[in-house]
Amino acid sequence: MNRVRISRQRRSKGAEINMAPLLDMVFILLIFFIVTTSFVKESGVEIQRPTAKSAMPREKVHLMVEVTQTGDLFIEGKSIDIRSLRARMKRFIVETPGGSVVIVADRQSSTGTVIRVLDESRLAGVENISVSARKPE
Numbered sequence: 001m002n003r004v005r006i007s008r009q010r011r012s013k014g015a016e017i018n019m020a021p022l023l024d025m026v027f028i029l030l031i032f033f034i035v036t037t038s039f040v041k042e043s044g045v046e047i048q049r050p051t052a053k054s055a056m057p058r059e060k061v062h063l064m065v066e067v068t069q070t071g072d073l074f075i076e077g078k079s080i081d082i083r084s085l086r087a088r089m090k091r092f093i094v095e096t097p098g099g100s101v102v103i104v105a106d107r108q109s110s111t112g113t114v115i116r117v118l119d120e121s122r123l124a125g126v127e128n129i130s131v132s133a134r135k136p137e
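All the letters of the sequence shown, read from the start, carry residue numbers 1 to 137 under the UniProt record's numbering.
This is the structure in structure tokens:
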């Protein structure tokens, strides 16, 4: 009998996938997301917050009122007069029902100014008011 010889064909290497462009795209996307990530919105006002051992990170801040060392007030980086603060907060409550206000006061600022901001917030109808502090290092 004749034996038929069947030869096994060796598989060719075939097409290779070049991973370099894929890695380039991954790094470009990573850089894009790092650059475009929205961080906590803080204005450029220089404030030294007091420390508190019980300080907790805030979940979601709707309106930040900043009190500087000299007693100046800022909302969203814009200077505001104490007399127009209540009207601004009333408008905020209408636009954001249930919104909260965070008072970011410099540790050298006047307690009277902070109390006035608290008072104006309450008179405007804000229910959730907190004072910002940082944990000691």
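Even for Gly, the Cβ is constructed at its ideal location relative to N, Cα and C.
Nothing here was measured: the structure is a model prediction, and the numbers come from that model.
Taking all protein chains shown into account, do 16 or more other C-beta atoms lie within 10 angstroms of the C-beta of residue i, making it buried, or fewer, making it exposed?
i	result
E66	buried
L73	buried
L63	buried
Would you report the Cα separation of residue i and residue j, rounded to the nearest angstrom?
i	j	result
G125	I93	7 Å
A15	L23	19 Å
P97	K90	10 Å
T36	M25	16 Å
Starting from the C-beta of residue i, find all residues in its chain whose C-beta is less than 7 Å away, skip the five residues before and the five after it, and write them out in chain order.
i	result
I80	L73, F74 and R88
S132	R49, V102, I103 and V104
Assuming the contact rule is C-beta atoms closer than 8 Å, residue i and residue j should be a hit. Round their C-beta distance to whole Å, please.
i	j	result
V117	L85	7 Å
Q69	D106	4 Å
Less than 9 Å between the beta carbons of residue i and residue j, yes or no?
i	j	result
I129	I103	yes
S110	G71	yes
So is residue i in contact with chain D if we call contact Cβ pairs under 9 Å?
i	result
L30	Judged by its chain identifiers, the structure shown contains no chain D, having just a single protein chain.
Leaving out five residues on either side along the sequence, give the residues of the same chain with a beta carbon under 8 Å from the beta carbon of residue i.
i	result
V99	The residue you asked about is not Val; residue 99 is Gly in the sequence shown. Result list for G99: H62, L63, F92, I93, V126 and N128, in chain order.
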